[in-house]
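Residue numbers (full-length UniProt numbering): 1 to 165.
Here the structure is laid out as structure tokens; the discussion comes afterwards.
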Amino acid sequence: MSRLKRWLREALLLVLIVAAALWGMDWLRAPQLPADLAQQPLTSLQGEVNLAELSQHRPLLVYVWATWCGVCKLTTPTVAAMSQEGDKVVSVALRSGSDARVATLLEKKGLQGVAINDESGAIGQRWDINATPTFIVLHQGKVISTSSGWTSGWGLKLRLWWASR
Numbered sequence: 001m002s003r004l005k006r007w008l009r010e011a012l013l014l015v016l017i018v019a020a021a022l023w024g025m026d027w028l029r030a031p032q033l034p035a036d037l038a039q040q041p042l043t044s045l046q047g048e049v050n051l052a053e054l055s056q057h058r059p060l061l062v063y064v065w066a067t068w069c070g071v072c073k074l075t076t077p078t079v080a081a082m083s084q085e086g087d088k089v090v091s092v093a094l095r096s097g098s099d100a101r102v103a104t105l106l107e108k109k110g111l112q113g114v115a116i117n118d119e120s121g122a123i124g125q126r127w128d129i130n131a132t133p134t135f136i137v138l139h140q141g142k143v144i145s146t147s148s149g150w151t152s153g154w155g156l157k158l159r160l161w162w163a164s165r
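Given below as structure tokens:
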């Protein structure tokens with residue numbers, strides 16, 4: 001019995017250490033977003049878009065990704081499934097080619113919703129995006145949370161749920 005207790009205690013300690021390391025990495029990579037992020041007018045593949053309006057009634061997930069990002073290949077199917085389930089998602093393709101190329105990729109991946117092509121990287125630079133993928137949760141025009149790197153679908157859902165509280 002004491003062996004099981006020791007094993008459980010060590011497993012819990014390991015989980016806490018890993019969680020602290022991941023939180024620390026996320027904190028270090030967090031973009032220094034401009035205060036007026038949600039008010040900045042943006043041009044999407046569908047036309048003009050305002051993130052403050054899109055996040056007014058329900059939390060909005062802004063997914064910053066790139067075609068050249070290896071981790072994005074793992075997270076895009078999760079975000080696509082969320083968009084198909086009705087979660088509000090705006091995707092921002094960072095230096096990933098022409099509008100036509102980005103539109104084709106989004107359709108192929110099943111990622112629905114508003115799509116912004118940051119072909120030159122100007123938005124990513126203005127938002128201080130240092131890592132892809134980056135996830136930004138907005139609600140009522142305010143940034144609720146940011147996260148960079150791999151994250152799970154339940155982690156994203158939890159962030160959206162928390163934003164609505």
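Backbone N, C-alpha and C define an ideal beta-carbon position, used for all residues, glycine too.
Quick caveat: nothing in here was measured; it's all calculated off a predicted structure.
1. If the criterion is Cβ atoms closer than 8 Å, does the pair Val-71 and Pro-133 meet it?
2. Below 8 Å between beta carbons: does that hold for Thr-146 and Leu-33?
3. Tell me the DSSP bridge mates of His-57?
4. Should Gly-121 be labelled buried (16 or more other beta-carbon atoms within 10 Å of its own) or exposed?
5. Please report how far the alpha carbon of Gln-112 lies from the alpha carbon of Ala-80, in whole angstroms.
6. With a threshold of 8 Å between beta carbons, is Ser-91 in contact with chain B?
7. What separation, rounded to the nearest whole angstrom, lies between the Cα atoms of Gly-149 and Ser-83?
8. Compute the beta-carbon to beta-carbon distance between Arg-95 and Asp-118, rounded to the nearest angstrom, for a pair I have assumed lies under 8 Å.
Quick look at the numbers:
1. Yes, these two residues count as a Cβ contact at 8 Å.
2. Judged by beta-carbon spacing, Leu-33 lies within the 8 Å limit of Thr-146, meaning their Cβ atoms are closer than that value.
3. Answer is none; His-57 lacks a bridge partner.
4. Result: exposed.
5. Taking the straight line joining both Cα atoms gives about 7 Å.
6. Looking at the structure shown, chain B is missing, and only one protein chain is on hand.
7. Whole-angstrom Cα-Cα distance: 19 Å.
8. Sure, about 7 Å apart at Cβ, within 8 Å.
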